[in-house]
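In what follows, a single structure is set out as structure tokens and then discussed.
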Amino acid sequence: MAASRVGKTGLALLLLFLSCAAAQLRVDEAPVNVPFSSVSSLLVQSALNSLNENSPSRHTYRNGDLISAQKLTQPPYVIYRLTLNLEPVCKSTEENCPREACTLVVRQHEQGVIDVLNDSIQCMELQPQSKQQNAQDQEVIENIEKQIINQSISLDHEVQTSADHNDRPFIAVRATQSEYCPGCPYELNPSLPGLSAFGNQVMQSMDEAGVSDFKHKLISIVRVTRAVPPGTNVVQYQLLMEIGESNCLRTSLIEIAECPLQSNLPIKLCLVTFEERPWQSGSRKITRNNCTDLLNTDNEVSASVDPKSPLFEPAAPYREDDVSTKTEFYDQIAQEAQEVFRVPYMDVSTKDSVVVAENTDAAKELPHSKIILDRVEEKEKPSKFAEKMKEFDEFLEDFNIPIRLETTSPKYQGVPVTEEFIIAERVEDKKAEEQTTDNEPLKLTDDDIVDAEQTESLVQNPTVETVVRSKRSSGKALDSKLTSRKLAVKAVELLDDLDEDDKRKHVIDVIDSRRERQDKDNSNVVVYMTVEVAATDCSEKDQGTECLDEVLPGPTQICKLDISTNEKKPLQSPKLLHWSCRNKQKSEMRYKRQLVGAPTNHNKDDPEVQRYVQLGLEKYTENYQGTNQPMISNIKNVSVQVVSGLLYKIQTDIGVSTCSKGTVTGDCQLSQDHGVEECVIEAWSQPWMDKGNPKITVKCGQNRSKRSLRGQNYSQKMLQQSRQLKEEILFHEFMGKYKKMYHNEEEKKMRFQIFKDNLNLIEELQRNEKGTGRYGVTQFTDLTKAEFKARHLGLKPTLKSENDIPMPMATIPDIELPSDFDWRHHNVVTPVKDQGSCGSCWAFSVTGNIEGQYAIKHGELLSLSEQELVDCDKLDSGCNGGLPDTAYRAIEELGGLELESDYPYDAEDEKCHFNKNKVKVNIVSGLNITSNETQMAQWLVKNGPMSIGINANAMQFYIGGVSHPFHFLCSPDSLDHGVLIVGYGVKFYPIFKKSMPYWIIKNSWGPRWGEQGYYRVYRGDGTCGVNKMVTSAVVA
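Counting with mature numbering (1 follows the signal peptide of the UniProt record, and there is no 0), you get residues -22 to -1, 1 to 1014 for the letters of the sequence shown.
Here is the structure:
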């Protein structure tokens, strides 16, 4: 046997390999090990041919011997799982080609067609061994086969499979390429079916994260990589996905597949990282997602794609350059995401392109491949002059020397042009006068002065240099610095109303100011201004200006403002068109001499500061009136000032803990039910006088809590608003779909409130559904339970008297049941009818039963009159309810039933106008049928449809599926609706490995309700009392 040449290591791996294959088959069904002689040579040859074309190791094979064969019958297929010991064909004499063991699934149709499942192929290498070990290895092989046959292989770790059958057990394949890289990621085919579970998990996590009020929808998976990081026991996946937002709200019950994309929103490209332990069920988790993890948009991947862009146009004929263009685009997106996350094992942060060592067919999963990165060359070294300037700047950092910052217009810069920069020389006054126009003196702007200063410092000899600067547009420098500053103050006041904080800002400096005329015909201009601002102690509600001079310690901000104003009266009515602010960088700081005695920033972690904070908290607690212990939630800023001693000012946020007042343990947490108060703790330290006990004062806002832009309980409020919006939309759609008209606005409001209450019932039914039933808005959603019962039900068990002679029991035929049966296919069931707003369900149940019995006995399907029973049956109550038992007796007394065409239905109690001459059907008695649901099915198959009573609690909002509510939601003892069983069936769910038997019930609420007027309910446990009242008439 060829397997006798494998080594100990190979045998151990083979044991694990075959165990995983056997474990996987045990999950699906119960396969049977079969002798090799029973496996057709055609099957083996088909398997070998498929391996030669689709082997993960890219080898071809001379021949192969069977190691294991398992068989599973699933009509119309017979499925084989074959494991072969293969001899590869070496590409060169120098290449080492060890034997391989491969397993794959082959299925044979009952008509003889053989089909190999290529995605089931799994291979591993077997290392050679010495001949002395052959006997021992032969014994090991035999033991392996015995264990596989007994399905009792014991593994070091438990191998489990997830609920998704597409996630097959993973066995690593040794790559034969010389550039094989252990631990490196390799690409998978994005079209693999198992990846859909990853996409669903991402959509769910993004919806739960509240990224949007609308459900997210997966458009496509662009790229997938898988890796096993060295030193870990996880498998890491990275998926680059196109994700859009749908038109359905996050709280909507609509399936995402039915929700269209919002075409006006850009498509996101999300790079998502998963980690999974395949042997643990449910271990897959998301560790990174750039579309949810990043709160700062400056760091986001620039992955929003316009749906109208060329990448999303309808498919055109294949062109290689188009594919490369799109690939480069996605490479750039992946690169940006990697720069943000620095994801290990897939570092493409500096790549220009990714070259995969070996191309492969898009329909197959790639083997281990090394990713070769073409890294860019080092940046071009700066010129010697630039190096000197850099050294000079670093030299100046240690000195208090003011540095003029070179500033440019924040926006609307012109096209760069090259100008000859000429060194300024002394000229005669005559030449100077010639350079002016219209006898006006020559004016130099601030930029001109800066250019001249730079030229004088850069060029020592009178030569001509070429420099590049921005071409100026038609804008002009503001004429007056005072006017510019006043305009900046006005603009910052407008900015205070728009930003998130509640502090007014103080204008420190106007760094740059440019203007541009909007229209030559009017005097409106746009001023592009860059200003430096700082937060003050003034609240935005304060009207005074004295506090504006008290700038809070901390970094200042550089704000770019676009202001529209009148050129002649710029301060009269300026408008802020656009703004953006950022913290001033250290490199932009102007070094100034520190004023003596001025406050300076201090380290928050200084032990002395921490002591002062604790003393301040104790002082705050003395005057606190609450029952819980206050606590410091945040130290925002600390400054110290040299006075007669040292004056510390500590800006803090003080909240309320979850502990009782006076508690000093460290287990207290900040309570979320109370606001946070801004306080400043002042500690005046004079050691020569206070002997280490400084004077502590605490200044807090006038009972003003720290303001949040979103406010308290923002999420709950937004969810409530989203739900209200959803309810209004659903109600509007409900009125349009079912043509609902209300008498006045008060009735409409009342129905809307009932509608909202019923939505809660729908959610409860759906949440507690044990089957596949789906519940939603129906034509009855604006009715109370009492209204619904009075108008659309009508079964009255109370009409049954104890003195009534019971109907005889039916004889149950002893027949073998088919897996499913439906009388609708045998022309014995009339179309679905509508009882309207009349409690006459019992009449429709009875006529439906008699219609079926007559059609089976006489071969003619007639539609009989329900209105005859409503008007003429004096044993029942017409539109106020009835009972099938009494209806059978009433029909016998009346003398039969007329056709519906002769006695039409009008859903009202009217005077009886029965005509015995028009009677078409007579009955002789009624029967009680068993409550055993198996025997019910036997009677149904043999004799026809059955009249039953049922609890309709789950039917008011039923849309489709197999309904199986809990008994506490649908009591079997509370029958209130009469319907007709016309068949039964079984629904198989391979994913859940379960079957769901059900009854097919004909209802009387019209074809727009349920499944074209029919109701499927679980069969086998008396759901909703389906087996409590089962009867039938006996037709003459």
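Ideal placement from N, C-alpha and C gives every residue a C-beta, glycine not left out. Just so we're clear, the structure is a prediction, and the values are computed from it rather than from any experiment.
Check your understanding: Excluding sequence positions up to five away, which residues of its chain have a Cβ less than 8 Å from the Cβ of H87?
Key -> Counting from 1 along the sequence shown, the entry for residue 87 is found at position 109. Answer for H87: P54, Y55, D93, listed in chain order.
Practice item. Could you tell me if A79 is buried or exposed, where buried requires 16 or more neighbouring beta carbons within 10 angstroms of its beta carbon? Key: As a working mapping, residue 79 is identified with position 101 in the sequence shown. It is buried - the Cβ of A79 has at least 16 other Cβ atoms within 10 Å.
Review point. Closest by CA to L20, which one among P66, N63, R85, V67?
Key: Locating residue 20 in the sequence shown gives position 42, counting from the first residue. Among P66, N63, R85, V67, the Cα nearest to that of L20 is on R85.
Review point. Any idea if Q607 is buried or exposed, counting beta-carbon neighbours within 10 angstroms, 16 or more meaning buried?
Key: As a first step, residue 607 is located in the sequence shown; it is residue number 629 there, counting from the start. Per the 10 Å Cβ criterion, buried.
Exercise for review: Just the C-alpha distance for Q592 and K562, rounded to the nearest angstrom, thanks.
Suggested key: Taking the sequence shown and counting its residues from 1, the one referred to as residue 592 is at position 614. Taking the sequence shown and counting its residues from 1, the one referred to as residue 562 is at position 584. So the alpha carbons of these two residues sit roughly 32 Å apart.
Review point. Which value, in whole angstroms, describes the spacing of the CA atoms of I795 and A788?
Key: In the sequence shown, the residue the question calls residue 795 occupies position 817. In the sequence shown, the residue the question calls residue 788 occupies position 810. One point to set straight first is that residue 795 is Leu, not Ile, in the sequence displayed. Those two C-alpha atoms are separated by around 18 Å.
Point to revise | the segment 819 to 835 touching the segment 888 to 896, judged by at least three CB pairs closer than 8 Å | key: no
Practice item. Compare the beta carbon distance of I632 and V616 with 8 Å and say whether it is the shorter of the two. Key: In the sequence shown, counting from the first residue as 1, residue 632 sits at position 654. In the sequence shown, counting from the first residue as 1, residue 616 sits at position 638. No; because the gap between Cβ atoms is not below 8 Å, this pair is not in contact.
Point to revise | Whole-number beta carbon distance between L839 and E829, since they are thought to touch under 8 Å | key: Here residue 829 refers to the residue found at position 851 of the sequence shown. Here residue 839 refers to the residue found at position 861 of the sequence shown. About 7 Å; that satisfies the 8 Å criterion.
Check your understanding: Under 8 Å between the Cβ atoms of residue 1015 and V509?
Key -> Past the edges of the chain, shown from -22 to 1014, lies residue 1015, and the structure says nothing about it.
Review point. Taking Cβ positions, are Y993 and M974 nearer each other than 8 Å?
Key: For the purposes of this step, residue 993 is taken as residue 1015 along the sequence shown, with counting starting at 1. For the purposes of this step, residue 974 is taken as residue 996 along the sequence shown, with counting starting at 1. Not closer than 8 Å, so no.
Practice item. Give the DSSP bridge partners of T759, in chain order. Key: Working through the sequence shown from its first residue, we reach residue 759 at position 781. The partner list for T759 (beta bridge, DSSP) is empty, contrary to what the question assumes.
Review point. Closest by CA to I610, which one among N579, V620, E655, P577?
Key: Position 632 of the sequence shown, counted from the first residue, corresponds to residue 610. The residue with the shortest Cα to Cα distance from I610 is E655.
Review point. Residues in its own chain within less than 7 Å of K767 by CB, not counting five upstream and five downstream?
Key: As a position in the sequence shown, residue 767 is number 789, starting the count at 1. Excluding positions up to five away in sequence, the list reads D954.
Check your understanding: Is it buried or exposed for residue 1030, if we count other Cβ within 10 angstroms and need 16 for buried?
Key -> Nothing about residue 1030 can be reported from this structure: the residues present for the chain run from -22 to 1014 only.
Check your understanding: Counting Cβ pairs, one atom from each stretch, are 3 or more of them under 8 Å apart for the segment 208 to 215 and the segment 224 to 243?
Key -> no
**Study point:** Beta-carbon spacing of Y832, V1013 below 8 Å
**Key:** Start at 1 with the first residue of the sequence shown, and residue 832 comes out as number 854. Start at 1 with the first residue of the sequence shown, and residue 1013 comes out as number 1035. Closer than 8 Å, so yes.
Practice item. Provide the residue(s) that pair with S903 in DSSP beta bridges, ordered along the chain. Key: If you number the sequence shown from 1, residue 903 lands on position 925. Bridge partners of S903: V1012.
Review point. DSSP state of G856, grouped into three classes?
Key: Locating residue 856 in the sequence shown gives position 878, counting from the first residue. Correct three-state label for G856: helix.
Review point. Do you know offhand how far E641's Cα is from T605's?
Key: Looking up residue 641 in the sequence shown gives position 663. Looking up residue 605 in the sequence shown gives position 627. Reading off the sequence, residue 641 comes out as Thr, not Glu. Distance between the alpha carbons of T641 and T605: 11 Å.
Review point. How is T396 classed by DSSP in three states: helix, strand or coil?
Key: One-based indexing of the sequence shown puts residue 396 at position 418. Model confidence at T396 stands at a pLDDT of 42, short of 50, so the residue's coordinates are unreliable and nothing is read from them.
Review point. Okay, do the segment 918 to 930 and the segment 998 to 1008 touch, 3+ Cβ pairs below 8 Å being the bar?
Key: yes
Check your understanding: Leaving out five residues before and five after F944 in sequence, what residues of the same chain have Cβ atoms less than 8 Å from its Cβ?
Key -> Within the sequence shown, the letter at position 966 stands for residue 944. Contacts found: N746, K748.
Check your understanding: Under a three-way DSSP split, which group does Y883 fall into?
Key -> Numbered from 1 along the sequence shown, position 905 holds the residue referred to as residue 883. Correct three-state label for Y883: coil.
Review point. Cα-Cα, which of H836, R867, Q757, S779 is closest to S815?
Key: By 1-based counting over the sequence shown, the position of residue 815 is 837. Taking only the C-alpha atoms, the option nearest S815 is Q757.
Practice item. Report the three-state DSSP secondary structure of P975 (helix, strand or coil). Key: Locating residue 975 in the sequence shown gives position 997, counting from the first residue. Strand, per DSSP.
**Study point:** Contiguous beta strand (DSSP E) assignments of at least 3 residues, all confined to the segment 562 to 645
**Key:** 606 to 621, 623 to 638
Review point. Do you know whose CA, among C75, T61, L60, lies nearest V67's CA?
Key: Position 89 of the sequence shown, counted from the first residue, corresponds to residue 67. Ranking C75, T61, L60 by Cα distance to V67 puts C75 first.
Check your understanding: Using the rule of at least 16 other Cβ atoms within 10 Å of the residue's Cβ for burial, across every protein chain shown, is N267 buried or exposed?
Key -> Numbered from 1 along the sequence shown, position 289 holds the residue referred to as residue 267. It is buried - the Cβ of N267 has at least 16 other Cβ atoms within 10 Å.
Review point. What are the start and end residues of the beta strand (DSSP E) that includes L82?
Key: Taking the first residue of the sequence shown as 1, we reach residue 82 at position 104. L82 -> beta strand (DSSP E) spans 77 to 87.
Point to revise | Validate contact between the segment 915 to 923 and the segment 728 to 741 using beta carbons, cut 8 Å, 3 pairs | key: no
Review point. Comparing alpha-carbon positions, which option in D474, D515, G679, V485 lies nearest R463?
Key: Taking the first residue of the sequence shown as position 1, residue 463 is located at position 485. Ranking D474, D515, G679, V485 by Cα distance to R463 puts V485 first.
Practice item. Tell me where the alpha helix (DSSP H) around D819 begins and ends. Key: Start at 1 with the first residue of the sequence shown, and residue 819 comes out as number 841. The sequence as given places Cys at residue 819; Asp does not occur at that position. Its alpha helix (DSSP H) spans residues 819 to 836.
Exercise for review: Return the chain-ordered list of same chain residues with a C-beta closer than 7 Å to the C-beta of V755, the five sequence neighbours on each side being excluded.
Suggested key: In the sequence shown, residue 755 corresponds to position 777, counting from 1. These residues qualify, in order along the chain: L708, F712.
Check your understanding: With a Cβ-Cβ cutoff of 8 Å, do I541 and L549 count as a contact?
Key -> The count along the sequence shown starts at 1 and reaches residue 541 at position 563. The count along the sequence shown starts at 1 and reaches residue 549 at position 571. No. Outside cutoff.
Review point. If you draw a straight line from the C-alpha of V22 to the C-alpha of S797, how long is it?
Key: Along the sequence shown, read from residue 1 onward, the residue named residue 22 stands at position 44. Along the sequence shown, read from residue 1 onward, the residue named residue 797 stands at position 819. Answer to the nearest angstrom: the Cα atoms are 36 Å apart.
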